[in-house]
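Colleague: Sending over a structure as structure tokens; questions will come in a sec.
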Amino acid sequence: MPPAKPYEREAIARMSGYTPGEQPARPVVAKLNTNENPYPPCAAVMQALHGIDGNALRRYPSAMADGFRAEAARLHGLTPAHIIATNGGDELLRLAITTFLEPGGPLGIAEPGYSLYPVLAALHDSPLARVKLADDWSLPADIARRWNAAGARLAMLVNPHAPSGRLTAVAEIAAVARAFEGVLLLDEAYVDFIDPARGYDSMPLVRELPNVLLLRTMSKGYSLAGLRFAYGIGAPALVAPMLTKSKDSYNVDAVAQALATAALQHRDEAARTWVAVRAERDRVAAALGARGFSCPPSETNFVLAAVPASRGGAAALYRALAEAGIYVRWFDQDRLRDKLRISIGTPEENDALLAAIDANG
Ligand SMILES: *Cc1c(COP(=O)(O)O)cnc(C)c1O
């Protein structure tokens with residue numbers, strides 16, 4: 170037999186896949202590595218789950234998640250035509266690529282950012298138009314111009330930023346979108362954790378700009394990472410091709426639609442967890458600061474902590490914490506190797522983290 174040639178496309182053979190955070194099988198002391206909400210989903214969501222009728226499973230679900238889209242439209246003061254429901258935010262990212270980017274055309278990104286974007290680009294045979302964030306994690310003023318120069322027709326930005334937690338103002342995003350010649354996907358996976366006092370409201374971007382697509386997910390704010398449900402918000406003309414052509418016919422299942430709708434209807438209950446997470450975020454950042462770790466201000470449910478040199482490196486601390494049953498995230502990447510990304514847990518979990526750090530100091 171001739172030497173085995175892989176059956177998969179060359180691009181797939183060449184690329185490496187996305188590395189998800191660990192989901193340890195054993196119970197752990199504190200799982201602070203994948204930015205899950207530490208509180209359970211609200212009671213109404215669990216009731217909706219128990220109330221699922223066999224007929225809802227026997228039949229195909231609403232192909233366009235009409236009930237959910239009506240609810241999301243109400244919440245945001247838009248119309249259902251502005252909304253597309255997807256199987257997690259990750260599906261929306263993939264849909265945006267297949268809909269707006271010619272195969273092989275460059276994807277605009279800012280680095281560091283969400284490590285799934287380059288993986289999705291590689292699947293599409295697309296190179297990256299990479300722009301480095303400034304030292305304070307802010308956007309370079311010429312980012313849109315550089316994406317344009319590279320010929321990018323789609324770009325992805327995460328705001329608040331992951332993994333730094335930094336929030337960019339809407340006016341600054343609007344300026345980037347106006348200057349950019351393609352579609353700007355603004356990944357707002359962590360938007361629910363922004364302090365309301367910051368007055369962040371991205372809906373004007375959708376109303377005023379034809380090329381902005383917002384990503385919202387139920388995974389973080391609504392404690393539903395296991396459900397796989399998210400949605401995109403954009404001008405109807407931007408959303409329509411995804412909704413009517415490029416998505417799978419039944420991309421979100423009946424159970425997920427029912428639960429996600431209940432979650433939005435009872436948003437106030439989820440919002441109580443956001444208040445708790447913000448309070449703990451500020452406490453954890455201050456406690457880490459007192460131990461010599463510096464954390465840029467975060468508007469998310471995690472902090473990016475720079476590990477002081479005296480502690481033998483972030484990777485070593487990451488391993489010592491895992492040994493103690495405390496899972497955090499360490500990225501073997503430029504500008505991140507000396508840092509740990511730590512999700513905000515319950516007060517007890519956060520105390521366990523701080524105690525383990527002290528025990529390893
Ligand atoms: C969590 C996350 C998403 C979406 O996650 P899903 O669970 O697929 O909805 C998107 N972008 C970033 C930066 C995230 O952290």
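Under my numbering, the first residue of the sequence shown carries the number 170, and numbering increases by one thereafter. Cβ atoms here follow ideal geometry from the backbone N, Cα and C, with glycine treated the same way. In this text, all values refer to a predicted model and were calculated from it rather than measured experimentally.
Tell me where the beta strand (DSSP E) around valine 339 begins and ends.
Modeller: Residue numbering aside, residue 339 sits at position 170 when the sequence shown is read from its first letter. Taken as a continuous stretch (DSSP letters only), valine 339 belongs to no beta strand (DSSP E), being part of the alpha helix (DSSP H) at 339-348.
Colleague: Apply the 10 Å Cβ neighbour rule to glycine 403 and answer buried if 16 or more other Cβ atoms are within range, or exposed otherwise.
Modeller: Within the sequence shown, the letter at position 234 stands for residue 403. Glycine 403 should be labelled buried.
Colleague: Suppose you measure from the CA of tryptophan 443 to the CA of phenylalanine 362; what does that come to, to the nearest Å?
Modeller: Working through the sequence shown from its first residue, we reach residue 443 at position 274. Working through the sequence shown from its first residue, we reach residue 362 at position 193. For tryptophan 443 and phenylalanine 362, the distance between alpha carbons rounds to 6 Å.
Colleague: Taking the C-alpha atoms as reference points, what is the distance between valine 327 and leucine 247?
Modeller: One-based indexing of the sequence shown puts residue 327 at position 158. One-based indexing of the sequence shown puts residue 247 at position 78. Cα-Cα distance, rounded: 22 Å.
Colleague: For the stretch 221-240 against the stretch 382-391, do three or more pairs of beta-carbon atoms, one drawn from each stretch, fall closer than 8 Å, so that the two count as touching?
Modeller: No, because fewer than three Cβ pairs between the stretch 221-240 and the stretch 382-391 fall closer than 8 Å, the two stretches do not touch.
Colleague: Say yes only if the C-beta of threonine 413 is nearer than 6 Å to one or more non-hydrogen atoms of ligand 1, and no if none qualify.
Modeller: Counting from 1 along the sequence shown, the entry for residue 413 is found at position 244. Answer for threonine 413: no, Cβ out of range of ligand 1.
Colleague: Taking the C-alpha atoms as reference points, what is the distance between isoleucine 526 and tyrosine 496?
Modeller: Reading the sequence shown from its first residue, position 357 is the one you call residue 526. Reading the sequence shown from its first residue, position 327 is the one you call residue 496. Roughly 12 Å separates the two Cα atoms.
Colleague: Kindly identify the DSSP beta-bridge partner or partners of methionine 325.
Modeller: Locating residue 325 in the sequence shown gives position 156, where the first residue counts as 1. DSSP lists Ile278 and Leu354 as partners of methionine 325.
Colleague: Would you tell me roughly how many angstroms separate the C-alpha atoms of serine 418 and aspartate 222, rounded to the nearest one?
Modeller: Counting from 1 along the sequence shown, the entry for residue 418 is found at position 249. Counting from 1 along the sequence shown, the entry for residue 222 is found at position 53. Looking at the two C-alpha atoms, the distance is approximately 22 Å.
Colleague: Report whether the distance from the Cβ of alanine 283 to the nearest heavy atom of ligand 1 is below 6 Å.
Modeller: For the purposes of this step, residue 283 is taken as residue 114 along the sequence shown, with counting starting at 1. In the sequence under discussion, the amino acid at residue 283 is tyrosine, which differs from the alanine named in the question. The answer is yes for tyrosine 283.
Colleague: Specify whether the stretch 434-453 and the stretch 506-515 touch according to this definition: at least 3 beta carbon pairs, one from each stretch, less than 8 Å apart.
Modeller: Contact between the stretch 434-453 and the stretch 506-515 is present, because at least three Cβ pairs lie under 8 Å.
Colleague: Let me confirm a value: proline 275 is counted as buried when at least 16 other C-beta atoms fall within 10 Å, else exposed. Which label applies?
Modeller: Here residue 275 refers to the residue found at position 106 of the sequence shown. Burial call: buried.
Colleague: Within this structure, are the beta carbons of alanine 475 and leucine 457 separated by less than 7 Å?
Modeller: Counting from 1 along the sequence shown, the entry for residue 475 is found at position 306. Counting from 1 along the sequence shown, the entry for residue 457 is found at position 288. In this structure, leucine 457 does not lie closer than 7 Å to alanine 475 by Cβ.
Colleague: Considering alanine 319, what are the terminal residues of the alpha helix (DSSP H) in which it resides?
Modeller: Here residue 319 corresponds to residue number 150 of the sequence shown, with the count starting at 1. Unbroken alpha helix (DSSP H) run through alanine 319: 312-319.
Colleague: Assign glycine 482 to one of two classes, buried (16 or more other C-beta atoms within 10 Å of its C-beta) or exposed (fewer than that).
Modeller: By one-based count along the sequence shown, residue 482 stands at place 313. Glycine 482 is exposed by the Cβ-count criterion.
Colleague: Can you tell me which residues form a DSSP beta bridge with threonine 255?
Modeller: Working through the sequence shown from its first residue, we reach residue 255 at position 86. DSSP output for threonine 255 lists Ala399 as bridge partner(s).
Colleague: How should tyrosine 487 be labelled, buried or exposed, when 16 other C-beta atoms within 10 angstroms of its C-beta is the threshold for buried?
Modeller: In the sequence shown, the residue the question calls residue 487 occupies position 318. It counts as buried.
Colleague: Around the Cβ of glycine 220, are there at least 16 other Cβ atoms within 10 angstroms (buried) or fewer (exposed)?
Modeller: Residue mapping note: residue 220 aligns to position 51 of the sequence shown, counting from 1. Classification for glycine 220: exposed.
Colleague: Check this for me: beta carbons of alanine 117 and cysteine 211, under 7 Å apart or not?
Modeller: Not covered by the structure: residue 117. The range shown for the chain is 170 to 530.
Colleague: Please determine whether the Cβ atom of serine 479 lies at a distance below 6 Å from any heavy atom of ligand 1.
Modeller: Here residue 479 is taken as the residue at index 310 of the sequence shown, counted from 1. It does not: the Cβ of serine 479 is nowhere closer than 6 Å to a heavy atom of ligand 1.
Colleague: Alpha carbon to alpha carbon, how far is alanine 242 from glutamine 426? Give it in angstroms, no decimals.
Modeller: On the sequence shown, residue 426 is found 257 positions in, with the first residue counted as 1. On the sequence shown, residue 242 is found 73 positions in, with the first residue counted as 1. Distance between the alpha carbons of glutamine 426 and alanine 242: 15 Å.
Colleague: On a Cα-Cα basis, can you pick out the residue from Ala358, Ala343 and Val360 that is closest to valine 352?
Modeller: Reading the sequence shown from its first residue, position 183 is the one you call residue 352. If we check each option's Cα against that of valine 352, Ala343 comes out closest.
Colleague: With distances taken from CA atoms, which of Ala324, Gly368, Ile312 and Pro332 is nearest leucine 383?
Modeller: Taking the first residue of the sequence shown as position 1, residue 383 is located at position 214. Nearest option by C-alpha distance: Ala324.
Colleague: Let's see if you can read the secondary structure: which residues bound the alpha helix (DSSP H) around threonine 430?
Modeller: As a position in the sequence shown, residue 430 is number 261, starting the count at 1. Taken as a continuous stretch (DSSP letters only), the alpha helix (DSSP H) holding threonine 430 covers 423-434.
Colleague: Three-state secondary structure (DSSP) at phenylalanine 471?
Modeller: As a position in the sequence shown, residue 471 is number 302, starting the count at 1. Strand.
Colleague: Strictly by DSSP, which residues pair up with threonine 386?
Modeller: Here residue 386 refers to the residue found at position 217 when the sequence shown is read from its first residue. Threonine 386 pairs with Ala399.
Colleague: Taking just the CA atoms, how far does arginine 315 sit from lysine 301?
Modeller: Residue 301 sits at position 132 when you count from the first residue of the sequence shown. Residue 315 sits at position 146 when you count from the first residue of the sequence shown. Lysine 301 and arginine 315: Cα-Cα distance of roughly 11 Å.
Colleague: Between the Cα of phenylalanine 237 and the Cα atoms of Val421, Glu468, Pro405 and Leu505, which residue gives the shortest distance?
Modeller: Here residue 237 corresponds to residue number 68 of the sequence shown, with the count starting at 1. Ranking Val421, Glu468, Pro405 and Leu505 by Cα distance to phenylalanine 237 puts Val421 first.
Colleague: Which partner residues of leucine 534 appear in the DSSP bridge assignment?
Modeller: In the structure as shown, the chain begins at 170 and stops at 530. Residue 534 is therefore absent and cannot be evaluated.
Colleague: With C-beta atoms as the reference, is proline 329 less than 7 Å away from glutamate 492?
Modeller: Residue numbering aside, residue 329 sits at position 160 when the sequence shown is read from its first letter. Residue numbering aside, residue 492 sits at position 323 when the sequence shown is read from its first letter. No, these two residues do not count as a Cβ contact at 7 Å.
Colleague: When DSSP labels each residue in this structure, what does arginine 178 get in the three-state scheme?
Modeller: Position 9 of the sequence shown holds residue 178. Coil, per DSSP.
Colleague: Under a Cβ-count criterion, where at least 16 other Cβ atoms within 10 Å of its own Cβ denotes burial, should methionine 215 be classed as buried or exposed?
Modeller: As a first step, residue 215 is located in the sequence shown; it is residue number 46 there, counting from the start. Methionine 215 comes out exposed.
Colleague: Under three-state DSSP, which class holds lysine 508?
Modeller: By one-based count along the sequence shown, residue 508 stands at place 339. Strand at lysine 508.
Colleague: In three-state DSSP terms, what is alanine 493?
Modeller: What you label residue 493 is simply residue 324 of the sequence shown in a count that begins at 1. Correct three-state label for alanine 493: coil.
Colleague: According to DSSP, simplified to helix, strand and coil, what is lysine 414?
Modeller: Translated into positions along the sequence shown, residue 414 becomes position 245. Lysine 414: helix per DSSP, three-state reduction.
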